[in-house]
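Just add 6 to the spot in the sequence shown (first one is 1) and you have our numbering.
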Amino acid sequence: MHATWIVYRKEMTEIIRDRRTLMAIGLAALATPIILSVISQVSTRTATQAYTIGYTGDVPAGLDILLQATNLKLVPVADLATAAKQQVDVAVEFKPGEIDEYYDPSRQSAQIADVRLQTVLGQYDAAQAAAALKSKGIDPGILTPLRLVSHPLSSPVKAASNAFLSFFLPYILITMIITGGFSAGLDSTAGERERKTLESLLLTPAPRSRLLIGKIAAVTTISLVAAVAAIGSMFVALSQIALPGPSESNHISLNPVAVPVMIWVALLIAISFSSVPLALGTLAKSFRQGQAYVTPLYFVTIFPASIILFIPDFNPGLAYYLIPILNAVLVLRDAIVHDAVEWANLAVTTISLVGTGALSWYAALRLFTREGLLTRS
């Protein structure tokens with residue numbers, strides 16, 4: 007183990023001196039809060055933005071007040087169809103007992119304005135019908151014979167917070183662990199070959215397996231450092247983002263159940279995939295060629311998070327937890343959204359990632375023991 011410790015210290019010293027790796031970690035830590043801040047500003051602006059409604063005809067009494075209360079501004083126009091494409095978000099023609107609406111579904115502002123308009127018109131119709139019945143001495147309650155009483159099982163603010171974290175946290179965690187370690191792993195193999203120092207290391211009497219373990223430990227360490235930096239900066243940024251709700255609970259926060267799961271998954275991924283860049287780096291003649299080998303793996307980290315984004319109610323079977331990376335995303339999502347740990351899913355995920363790590367370690371070790379491969383120019 008003495009040889010392993012020497013290699014580990016050597017690799018960590020070189021990583022700390024490597025400006026490329028440190029700059030990548032620093033940029034990721036800085037970029038995360040900036041991206042979240044932009045998303046927050048865009049969401050806030052969308053929620054509070056005033057939308058314009060072009061109209062012709064006579065506006066029903068009282069409807070203009072309801073529209074203004076929901077940030078819908080009435081603007082008289084001449085041509086409804088033309089105005090709906092260029093001048094306003096939605097155009098309507100008020101007729102006796104009817105309203106014709108014109109809008110462009112390809113515009114997001116038109117879709118939002120349409121939803122708001124439909125909501126306001128529903129409220130207006132209900133108010134007018136209730137007033138007409140009341141004037142005739144009829145209880146307006148006959149319009150709603152069945153009244154829906156909602157009993158949310160969790161706070162809407164907490165649900166919104168969990169939904170946000172269930173996508174961004176696994177994505178940032180897994181991406182930073184893998185990408186943070188890839189640069190260090192390539193530098194310790196392809197980079198050393200380029201600098202003509204790898205052969206000298208392999209000629210030492212220490213077993214190749216000990217050398218490889220030292221390199222894996224160094225790559226694992228820098229992977230976890232990158233993840234901690236990105237996650238830490240993310241939570242600092244999230245602490246400044248407020249959600250609608252009571253002032254004491256309107257900030258995005260991670261539930262206590264998800265914290266140990268996140269730590270365990272981070273360790274599994276870092277250890278399991280640290281051998282991958284080392285194995286690919288031994289196949290490359292230069293650092294640049296090694297980057298070409300690992301580039302496709304970046305997309306592998308994006309795809310599982312995309313599944314969660316585009317299929318938010320995705321309920322996978324136990325077999326899905328055998329797929330590396332995807333299983334980590336699913337386990338983290340379950341812990342964040344449901345505030346509980348599915349032990350069977352976590353066990354399958356652990357077995358899958360440990361098996362993946364063993365296979366990648368074996369592949370890297372086989373490449374390290376092939377003298378002809380490691381000494382080629």
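Don't be surprised by glycine CBs; every beta carbon is placed ideally from N, CA and C. Source: prediction; values computed, not measured.
Just the C-alpha distance for residue 275 and residue 241, rounded to the nearest angstrom, thanks.
-> 21 angstroms
Buried versus exposed, by CB contacts within 10 Å (16 or more), residue 7 | exposed
Between residue 95 and residue 26, what straight-line distance do the alpha-carbon atoms span, to the nearest angstrom?
-> 47 angstroms
Give me the Cα-Cα distance between residue 196 and residue 293, rounded to the nearest whole angstrom.
-> 5 angstroms
Would you say the region 213–221 touches the region 25–42, given that touching needs at least three Cβ pairs under 8 angstroms?
-> no
When we look at the beta-carbon of residue 104 and count the other beta-carbons within 10 Å, is it buried (16 or more) or exposed?
-> exposed
Give a yes or no on contact between the region 337–354 and the region 261–278, applying the rule of three or more CB pairs nearer than 8 angstroms.
-> yes
Tell me which same chain residues have a C-beta within less than 7 angstroms of the C-beta of residue 328, skipping the five on either side of it?
-> 354, 358
Spatial neighbours of residue 180 within its chain, please: CB distance less than 8 angstroms, with the 5 preceding and 5 following residues excluded, ordered by chain position.
-> 275, 307, 310, 311, 331, 334, 335
Near residue 91, which residues of its chain fall below 6 angstroms by C-beta distance, leaving aside the five closest residues on each side in sequence?
-> 110
For residue 107, which of helix, strand or coil comes out of DSSP?
-> strand
Name the one or two DSSP bridge partners that residue 99 has.
-> 62, 106
Endpoints, the alpha helix (DSSP H) within which residue 337 is located | 332–344
Whose C-alpha, out of 126, 356, 372, 131, is nearest the C-alpha of residue 269?
-> 356
Identified DSSP bridge partners for residue 82 | 61
Taking Cβ positions, are residue 21 and residue 190 nearer each other than 8 angstroms?
-> yes
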